[in-house]
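A short worksheet on the structure shown next.
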Amino acid sequence: MASFSSLSTGLSTGGILGMRGLNVFIQDIRNAPSKEHEQKRVDKELANIRKKFRNTDLSSYDKKKYVLKLLYMYMLGYDIEFGHTMVVSLINATKFEEKQVGYTATAVLLNESHEFLRMVINSVREDIIGKFEHNQCLALALVANVGGREFSDSIAPDVQRILCSPTCLPVVRKKAALCLLRLYRKNKEILVAETWAAKMVKLLDNEDDLGILLGVISLLIGIVSHDYRGYEGCIPSVCAVMQRLARARSVPQDYLYYGIPSPWLQVKCMRVLQYFPTPSDPDYVRSETEVIHHVLTNTGSVKNVNKNNALHAVLFEAVNLVTNLDLPDQKSLLAESVAALGRFLDVNEPNIVYLGMSGLTRVCAPDTIKAVQSFKSKVVDKLNDADISIRKRALDLLYEMCDETVAKDIVDSLLRYLITADFAIREELALKTAVLAEKYSAGNARWYLDVALKLVEKAGDFISDDVWHRVVHVVTDAPELHVHAARVALEKLRLNSYEEKFVRLAAYFLGEFGHKLGASEPPFAYAKLLFEHFKTSSPTTQQIILTALAKISMHPGADDDLRGRLGMLFRQHASNKEVELQQRAVEYYVMTNVGNNSQKLRSVMDPMPEWNTGSRQSKLERHLATQNAEAADAVRVNKARGGGAIAPIAPPPEDVEPGTPIPTMGIADLLGGAPVPRVNGNGPAAAAAGGEANGAAASPAAARWGQVRAAVVDPMSDLLSGLGVHPGQPAAAAPSAAPAAVVDPLAASVAGMGLSTAHAAPQSNPVPTINVADCLKKLYAADNGLLYEDPNVQIGVKSQWQGNQGRVMFYVGNKSPGTLTDVALELTGNVQGLHARLAALPAQLEPKKQQQVLLELAAAGGYRAAPGLSLRYSVPGQAPVQVPLKLPYGPHRFMQPWRPANPQEFFAKWQEASARHSEAKVVTVAPAMAQGGLAAIQAALSSVRMTPLPGIDPNRKNLTAGSFARYGGANGAETFALARVESDANNPAVFRVTAASVDAATAGGVLEAILSQIVP
């Protein structure tokens, strides 16, 4: 009889070595001189096995040998399309050796959705409830690996009995615990807290075997990670297990790992306690505190790597437990945690240093930050470590430990490091430096400005536009910085600073505040300097410089000579192939050099109003918070604690916890304000952009600016869009006819210079580089994928769904070598029953850059199809592109599983629904679908969230399915959607698909989703 150790690992070595044919085949594969020879050998063997399987008189030896050959070929990556029946039949054998091969091959070759697994449910159950422990181990191991919902419905009670039975061998009970965990993940209803919690407490209290305890604690973690309520009684039992391990009481030698009592069990005990609130009983609190204190004070570094890993695993879990509980002596435990983690910074082992800094980053909070700051100099030194992962972790730790007392030192260190920093880290480094400088610049705004200018100058290529846009916000809101900003910008430009983003920032400062420099710096001087940089700048920077020069021409001290020189520049670029530059040049020429427009339109060039940055969160901080949330440990459960507690890690926006309402979004443009509304018609937008604060009243300056723009719609349509800067608050006005004094000179000027209009004639759109229809078909079922791609643009999607709400993130990327302009992504059509909100997309997309756009959906009632999507963009030198797209987010996305208790319940629902609304269609399915039969149809139904219900229809060749949606939220009524797929007895490729629902739109939408998966 085979030992249990061989059972736990699958096949016994002796059995394989005894099969000469299998060994020869393996040697042939290993000795194949090329991939082609290997393929020929595999094809030859597959043909031989297929021929042998037709023989019904195969011996037990041959069955095992051929199945093991199939298993080996599958592990090499070859598709195995036959032999599954033989594999499954071995499970029903009476000999252990055959069962062993059958169970092993089944677990590897089949997945939980494979139809052949249904054939073995009864056989697996017979082995589980049988008397042979060997067979029980094999069956439990199979279910723990590939068991699905159907297994949970059939064998969950039997597995529970084995786990709770003291007469079963420990090896069987351990496998039963892990098997039950798998079944619980597939069906939460099999373990109800009212009945199972008491059994869990009994298992934890009465079990001495540490192996069984390890399995039980793993099961408990899986349960309480879903919902801890009802299992609070397990806390004392878990604390008792921790005390036993900490004191090394009754710990067998087999569970001592380098002298440490079962470190894996210690880690799991501490992790499970993090899911519960702090216990109210002082005895339990004391036991937790004692164990944590013991771990923190007795963990150091040793020479043995394996022992080090075990010790540190326990230590870091203890630190996590400290930060998640509200203990009486919390501060002392946190101080011990910081001291223990700080010792790791002096170790020469990179992994330990990395873990130490990771732990210190986690414990940074108001009540520990002073202790963490004591390691500041060591962390700064780690910025120059040879390992980039340690450098990144040092940057994270410096950012977290920063406060007003050390902000200047840390920012100065980061600026010095910026010069030599690795390219892979510079973008994050610049972003965090900018956030820290602004956050801790209260009372010293000039220091912030100096830091920001150095940052943009040194790291311009590695920062996003958001960084210098934020500098614009802050400086605009601080009048005391205006002169200093303009003076420093002028000095840097005179030193030939050619960094693109710094030139943009300097141009903005000189255009806005240059007139405040006084008579010592006349407009002609800094206009000439900007003109010199204009020649070598990119088109985007040239747009900003043009706007700045137009503003300078209106500054006090600017004369007709300066305006004439600038007019020559504007005329020169009035026929530029860059449409945006051409339009600006024409408009600015008319403003500054035609008639007396320079006097009439002077108010248009007034300085920008304040942005009110103090009343809203910085876009940089939001961006950084999103990055940190995406990197957070998803396993951690953080609960609010009072009195200076460590702040919980915010979950990423893509990961919505069950029951959490999906948050609304703030729509922001490049500089953090609302996008500029566009007016359909001949004229461009006439409304000024709004700020981030929704619904805020317009400032007088913003209102004045908006009125001026409304009065001169045609020539002044997009005066500042190249800068991406707009007034801080909305001030919309209806477009009016332009005065004749303005319109006529513009028309004459354009005609006289022979200029082309800014908007080229429409032409055909670029040919997509993918099959858009196929991508749409896949996205009906998949959450992630590609929606559209052409030579210039790629749009990927990632979606999440919960209840009646959904979040879809579009990833819009620029594939072209040039900047895309007039980029827009808009919803088309208004769908009754579906609320949709799409965030704004920046109007410009830099080369090889990607922007994320969030679409929020909420189903308030039934609907047939989602609204359409319109993509617009312009490529320099080409006609504008507009592409209509279809979205695959029909009502099936909000469906939830439903399983009737019996066929009569389904028929009652079907009669009710079909009497109201039903739609049917006879279709010819794809060849692969026809070959797969009802199993393939069942998989297609599942992919669009329709729960297959095999065996309900009296005709076994037909299939039914059902699901329901709660429109309007958790309290909404259930709207059922049912489906029936009927096969044609004469043609296996023809099916009749019927969808029924009390809501007509829902029935049609569900039918469309089903057909998308089965019709080619």
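The numbering used here puts the first residue of the sequence shown at 6, with every later residue one more than the last.
Backbone N, C-alpha and C define an ideal beta-carbon position, used for all residues, glycine too.
Bear in mind the structure is a predicted one, so any value in this text is a computation, not a measurement.
- prompt: Which partner residues of L862 appear in the DSSP bridge assignment?
  reply: By 1-based counting over the sequence shown, the position of residue 862 is 857. Per DSSP, G811, A841.
- prompt: From what residue to what residue does the alpha helix (DSSP H) around H487 run?
  reply: Here residue 487 refers to the residue found at position 482 when the sequence shown is read from its first residue. Unbroken alpha helix (DSSP H) run through H487: 487-499.
message: So, at 7 Å on beta carbons, what are the nonlocal neighbours of H299 in its own chain, with the 5 sequence-adjacent residues on each side left out?
response: Working through the sequence shown from its first residue, we reach residue 299 at position 294. Once the five neighbours on either side are set aside, the close Cβ partners of H299 are A251.
- prompt: For G834, which option in T824, D779, L890 has the closest C-alpha, if you only look at C-alpha atoms?
  reply: Stepping through the sequence shown from its first residue, residue 834 is reached at position 829. Ranking T824, D779, L890 by Cα distance to G834 puts L890 first.
query: Ordered along the chain, which non-local residues of its own chain (more than five positions away) have a Cβ less than 8 Å from that of L1016?
result: Residue numbering aside, residue 1016 sits at position 1011 when the sequence shown is read from its first letter. The answer, listed in chain order, is K926, V928, V998.
query: From Y260, V343, S382, pick the residue whose C-alpha is nearest to that of T366; which is it?
result: One-based indexing of the sequence shown puts residue 366 at position 361. Comparing Cα positions, the closest option is V343.
message: Would L188 and S157 qualify as a contact pair, given that the criterion is a beta-carbon distance under 8 Å?
response: The residue you call residue 188 lines up with position 183 of the sequence shown. The residue you call residue 157 lines up with position 152 of the sequence shown. It is a contact, given that the beta carbons lie within the stated cut-off.
field: Opening and closing residue of the beta strand (DSSP E) in which R997 lies
entry: For the purposes of this step, residue 997 is identified with residue 992 of the sequence shown, where counting begins at 1. 995-1002 is the span of the beta strand (DSSP E), which, as asked, contains R997.
message: So, does the region 252-265 touch the region 273-290, judging by three or more C-beta pairs under 8 Å?
response: no
Proximal residues to N770 (C-beta, below 8 Å), its chain only, five neighbours per side dropped: By one-based count along the sequence shown, residue 770 stands at place 765. Once the five neighbours on either side are set aside, the close Cβ partners of N770 are D795, V886, Q887, V888.
- request: Would you check if the region 865-882 and the region 825-832 touch, i.e. whether three or more CB-CB distances between them fall below 8 Å?
  value: Taking a cut-off of 8 Å for Cβ pairs, the region 825-832 and the region 865-882 touch, as three or more such pairs fall below it.
message: Taking a contact to mean a Cβ-Cβ separation below 8 Å, would you say L1055 touches L515 in this structure?
response: The displayed coordinates of the chain run from 6 to 1021. Any statement about residue 1055 would go beyond what the structure contains.
- prompt: Looking only at its own chain, which residues have a Cβ that is under 6 Å from the Cβ of L843, when we skip the five neighbours before and after it?
  reply: On the sequence shown, position 838 is the one that residue 843 refers to. Answer for L843: L832, L860, listed in chain order.
field: Presumed contact (8 Å Cβ cut-off) between K914 and G977, rounded CB distance
entry: Translated into the one-based positions of the sequence shown, residue 914 becomes position 909. Translated into the one-based positions of the sequence shown, residue 977 becomes position 972. Contact doesn't hold; Cβ gap of about 18 Å is too wide.
query: Whose C-beta lies closer than 7 Å to the C-beta of S543 among residues of the same chain, with five residues either side of it excluded?
result: Here the question's residue 543 lines up with position 538 in the sequence shown. For S543, where only same-chain residues beyond five positions count, the Cβ hits under 7 Å are E505.
C-alpha distance - V599 paired with E537, whole-angstrom precision: For the purposes of this step, residue 599 is taken as the residue at position 594 of the sequence shown. For the purposes of this step, residue 537 is taken as the residue at position 532 of the sequence shown. Approximately 25 Å, taken between the alpha carbons.
field: Same chain, Cβ closer than 7 Å to K180, neighbours up to 5 away in sequence not counted
entry: Numbered from 1 along the sequence shown, position 175 holds the residue referred to as residue 180. Closer than 7 Å at the Cβ level, and outside the excluded window around K180, lie C142, L145, A146, A149.
query: Along the chain, where does the beta strand (DSSP E) that runs through Q887 open and close?
result: Residue mapping note: residue 887 aligns to position 882 of the sequence shown, counting from 1. Element bounds for Q887: 886-890.
query: Rounded to a whole number of angstroms, what is the C-alpha to C-alpha distance between I374 and V277?
result: Along the sequence shown, one-based indexing puts residue 374 at 369. Along the sequence shown, one-based indexing puts residue 277 at 272. Taking C-alpha positions only, I374 is separated from V277 by approximately 27 Å.
query: With distances taken from CA atoms, which of T545, G88, Q901 is nearest V1011?
result: Translated into the one-based positions of the sequence shown, residue 1011 becomes position 1006. Nearest C-alpha to V1011: Q901.
- prompt: With 16 other CB atoms within 10 Å as the buried threshold, where does H478 fall?
  reply: Taking the first residue of the sequence shown as 1, we reach residue 478 at position 473. Buried, since its Cβ has 16 or more Cβ neighbours within 10 Å.
message: In whole angstroms, give me the CA-to-CA distance for V377 and G238.
response: Taking the first residue of the sequence shown as position 1, residue 377 is located at position 372. Taking the first residue of the sequence shown as position 1, residue 238 is located at position 233. Roughly 36 Å between the two C-alpha positions.
field: For F981 and L1002, believed in contact at Cβ under 8 Å, the rounded distance
entry: Position 997 of the sequence shown, counting from 1, holds the residue named residue 1002. Position 976 of the sequence shown, counting from 1, holds the residue named residue 981. Note on identity: in this sequence residue 1002 is Ser, with Leu being the wrong assignment. Going by Cβ atoms, the distance from S1002 to F981 rounds to 6 Å, so yes, they are a contact pair.
query: Can you tell me the Cα-Cα spacing of V176 and L196, whole angstroms?
result: Position 171 of the sequence shown, counting from 1, holds the residue named residue 176. Position 191 of the sequence shown, counting from 1, holds the residue named residue 196. Roughly 22 Å between the two C-alpha positions.
- prompt: Between P896 and A918, which are expected to be in contact by the criterion C-beta below 8 Å, what is the C-beta distance as a whole number of angstroms?
  reply: The residue given as residue 896 occupies position 891 in the sequence shown. The residue given as residue 918 occupies position 913 in the sequence shown. The Cβ separation is near 14 Å, so there is no contact.
- prompt: Among the residues of its own chain, which have a CB less than 7 Å from the CB of A512, if the five just before and after it don't count?
  reply: Translated into positions along the sequence shown, residue 512 becomes position 507. Contacts found: L535, I549, I550, A553.
task: Would you identify the three-state DSSP class for Q901, choosing helix, strand or coil?
output: Counted from its first residue, the sequence shown places residue 901 at position 896. Correct three-state label for Q901: strand.
- prompt: Taking the DSSP output, what are the residues bridged to S337?
  reply: Residue mapping note: residue 337 aligns to position 332 of the sequence shown, counting from 1. Paired residues: none, contrary to the question.
query: Taking R190 as the reference, which of R166, D232, K104, M362 has the closest Cα?
result: Along the sequence shown, read from residue 1 onward, the residue named residue 190 stands at position 185. When each option's Cα is compared against that of R190, the closest is D232.
field: Classification of L460 by the beta-carbon crowding that lies within 10 angstroms, buried from 16 upward
entry: By one-based count along the sequence shown, residue 460 stands at place 455. By the neighbour-count rule (16 or more Cβ atoms within 10 Å), L460 is buried.
query: What residue ranges within the region 890-957 form continuous beta strand (DSSP E) runs of no fewer than 3 residues, ordered along the chain?
result: Complete beta strand (DSSP E) runs here, min 3: 922-929.
task: Please classify Y878: does DSSP put it in a helix, a strand, or coil?
output: The residue given as residue 878 occupies position 873 in the sequence shown. Y878: strand per DSSP, three-state reduction.
query: Residues in its own chain within less than 6 Å of S128 by CB, not counting five upstream and five downstream?
result: Stepping through the sequence shown from its first residue, residue 128 is reached at position 123. If we look at S128 and ignore the five residues flanking it on each side, its Cβ neighbours are I96, N97.
message: Does H578 pass the burial test, meaning 16 or more other C-beta atoms within 10 Å, or should it be called exposed?
response: On the sequence shown, position 573 is the one that residue 578 refers to. Only buried fits H578, as 16 or more other CB atoms lie within 10 angstroms of its CB.
message: So, under 8 Å CB-CB, V47 and Y83 are touching, yes? Tell me the CB distance rounded to an integer number of Å.
response: Here residue 47 corresponds to residue number 42 of the sequence shown, with the count starting at 1. Here residue 83 corresponds to residue number 78 of the sequence shown, with the count starting at 1. Between V47 and Y83 a beta carbon distance of about 6 Å is seen, short of the 8 Å cut, so the two are scored as contacting.
task: Please list the segments of the alpha helix (DSSP H) lying wholly inside the region 67-106, counting only runs of 4 or more residues, in order along the chain.
output: 89-96
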